[in-house]
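Report on the following structure.
2 protein chains.
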Amino acid sequence: MGKVGKFWIISLVSCGLSFCCTSAAWADPIREAIESQNQALIAAMLAGDAEAAGELYTEDAVVIPPGANLVRGRPSIVSFWAGFIGGGVKEMSLVTVSVESDGDLAHEVGALKLVDGEGNASEARYVVVWKREAGAWRLHRDIWNAP
Amino acid sequence: MGKVGKFWIISLVSCGLSFCCTSAAWADPIREAIESQNQALIAAMLAGDAEAAGELYTEDAVVIPPGANLVRGRPSIVSFWAGFIGGGVKEMSLVTVSVESDGDLAHEVGALKLVDGEGNASEARYVVVWKREAGAWRLHRDIWNAP
Numbered sequence: 001m002g003k004v005g006k007f008w009i010i011s012l013v014s015c016g017l018s019f020c021c022t023s024a025a026w027a028d029p030i031r032e033a034i035e036s037q038n039q040a041l042i043a044a045m046l047a048g049d050a051e052a053a054g055e056l057y058t059e060d061a062v063v064i065p066p067g068a069n070l071v072r073g074r075p076s077i078v079s080f081w082a083g084f085i086g087g088g089v090k091e092m093s094l095v096t097v098s099v100e101s102d103g104d105l106a107h108e109v110g111a112l113k114l115v116d117g118e119g120n121a122s123e124a125r126y127v128v129v130w131k132r133e134a135g136a137w138r139l140h141r142d143i144w145n146a147p
Numbered sequence: 148m149g150k151v152g153k154f155w156i157i158s159l160v161s162c163g164l165s166f167c168c169t170s171a172a173w174a175d176p177i178r179e180a181i182e183s184q185n186q187a188l189i190a191a192m193l194a195g196d197a198e199a200a201g202e203l204y205t206e207d208a209v210v211i212p213p214g215a216n217l218v219r220g221r222p223s224i225v226s227f228w229a230g231f232i233g234g235g236v237k238e239m240s241l242v243t244v245s246v247e248s249d250g251d252l253a254h255e256v257g258a259l260k261l262v263d264g265e266g267n268a269s270e271a272r273y274v275v276v277w278k279r280e281a282g283a284w285r286l287h288r289d290i291w292n293a294p
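Going down the list, the protein sequences come from chains G and H. Oh and the first sequence: position 69 is 69 in this note's numbering, straight run, nothing missing. One rule links them: number in this note's numbering = place in the second sequence (from 1) + 147.
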């Protein structure tokens with residue numbers, strides 16, 4: 001094989017490798033699935049639908065809100081969000097900072113912004129442990145605090 | 148085989164199964180490793196040794212204390228705990244409520260009690276995401292809030 005042939009093979013391989021690496025950096029299917037579940041949570045909150053919010057949690061999930069008792073299990077979580085939604089949610093955003101996973105567990109660090117029914121804005125940082133059940137990622141541990 | 152023989156075989160098998168189940172309920176080596184690391188963290192805090200506390204975290208760990216900025220990376224975490232320890236830590240306890248793991252990631256829910264140098268007591272609930280690196284479980288995400 002001549003020098004030109006070798007050059008083209010090396011170029012193609014290196015091009016292929018850089019394409020793979022670039023794709024990997026862009027596409028993290030678990031992060032995408034989690035971000036999509038976050039959008040579903042926001043939609044449920046804005047719609048005032050605590051049942052739909054609760055469906056995004058595992059049956060034995062634990063929510064740890066600042067200044068309140070631990071909330072254990074989906075029925076209690078639905079009640080908790082129903083009480084929260086009762087005051088109205090005008091705007092909500094969840095910005096994912098990092099996601100890491102192994103097997104059927106993932107953890108997310110993120111930032112929450114919220115405007116309640118009376119127009120009061122608040123911010124928090126959160127850690128969510130996500131668990132994959134029958135292919136769907138659900139919130140399994142959910143804790144946040146104010147900066 | 149007579150009825151008595153069958154009885155003994157069934158008894159032995161059932162006894163063996165119940166022993167296995169009991170052992171599994173008692174011995175969770177990952178939970179034990181995490182509880183042991185928690186004791187090391189308490190020892191470091193009581194000794195005022197922020198470096199030793201920092202060694203228990205991963206290099207790229209994130210600590211999210213209420214009312215303060217995110218603390219990213221081991222050097223910043225050592226500084227954070229040095230500032231915290233500066234006020235003195237008289238008593239500290241970490242009680243593990245639950246541990247679950249998959250591969251090299253585990254998450255813990257627990258309760259913290261603390262008495263500072265001036266005798267002020269405080270309580271918090273926490274979620275820690277633990278990561279196994281070269282066989283050692285280290286704190287990787289650490290967030291807490293007050294009840």
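Cβ coordinates follow ideal geometry from the N, Cα and C atoms, glycine included. Keep in mind that this is a model prediction, so the values were computed, not measured.
Are there 16 or more other CB atoms within 10 angstroms of the CB of residue i, so buried, or fewer, so exposed?
{"i": "K260/H", "result": "exposed"}
{"i": "Q39/G", "result": "exposed"}
{"i": "N292/H", "result": "buried"}
{"i": "K131/G", "result": "buried"}
{"i": "E179/H", "result": "exposed"}
{"i": "G103/G", "result": "exposed"}
{"i": "S269/H", "result": "exposed"}
{"i": "V244/H", "result": "exposed"}
{"i": "A283/H", "result": "exposed"}
{"i": "C168/H", "result": "In this predicted model, C168/H has a pLDDT of only 43, less than 50, meaning its place in the structure is not dependable; the value taken from the coordinates is given anyway. Exposed: under 16 other Cβ atoms inside 10 Å."}
I'd like to know if residue i contacts chain H, where contact means its C-beta is closer than 8 Å to some C-beta of that chain.
{"i": "I34/G", "result": "no"}
{"i": "L70/G", "result": "yes"}
{"i": "N145/G", "result": "yes"}
{"i": "G83/G", "result": "no"}
{"i": "C21/G", "result": "Reliability fails at C21/G, whose pLDDT of 43 lies under 50, so the model's placement of it is uncertain and the value that follows must be treated cautiously. Closer than 8 Å: no."}
{"i": "I77/G", "result": "no"}
Determine the DSSP secondary structure at residue i, reduced to helix, strand or coil.
{"i": "A293/H", "result": "coil"}
{"i": "E118/G", "result": "coil"}
Under a CB-based cut-off of 8 Å, is residue i close to chain G?
{"i": "A267/H", "result": "One detail in the question is off: residue 267/H reads as Asn in this sequence, not Ala. No, no contact with chain G."}
{"i": "D175/H", "result": "no"}
{"i": "L261/H", "result": "no"}
{"i": "R221/H", "result": "no"}
{"i": "V246/H", "result": "no"}
{"i": "R285/H", "result": "no"}
{"i": "R288/H", "result": "yes"}
Answer yes or no: the CB of residue i versus the heavy atoms of the ligand GDP, is any distance below 7 Å?
{"i": "D28/G", "result": "Judged by which ligands are present, the structure shown has none, so any question about the ligand GDP falls away."}
Counting only runs of 3+ residues fully inside the stretch 181–214 of chain H, write out the beta strand (DSSP E) ranges in chain order. Runs found: 204–211.
Taking the runs of the beta strand (DSSP E) that are 3 residues or longer, which of them lie wholly in the stretch 64–143 of chain G? Secondary structure in the stretch 64–143 of chain G: the beta strand (DSSP E) runs of 3 residues or longer, each lying completely within the stretch, are 89–102, 105–116 and 121–133 in chain order.
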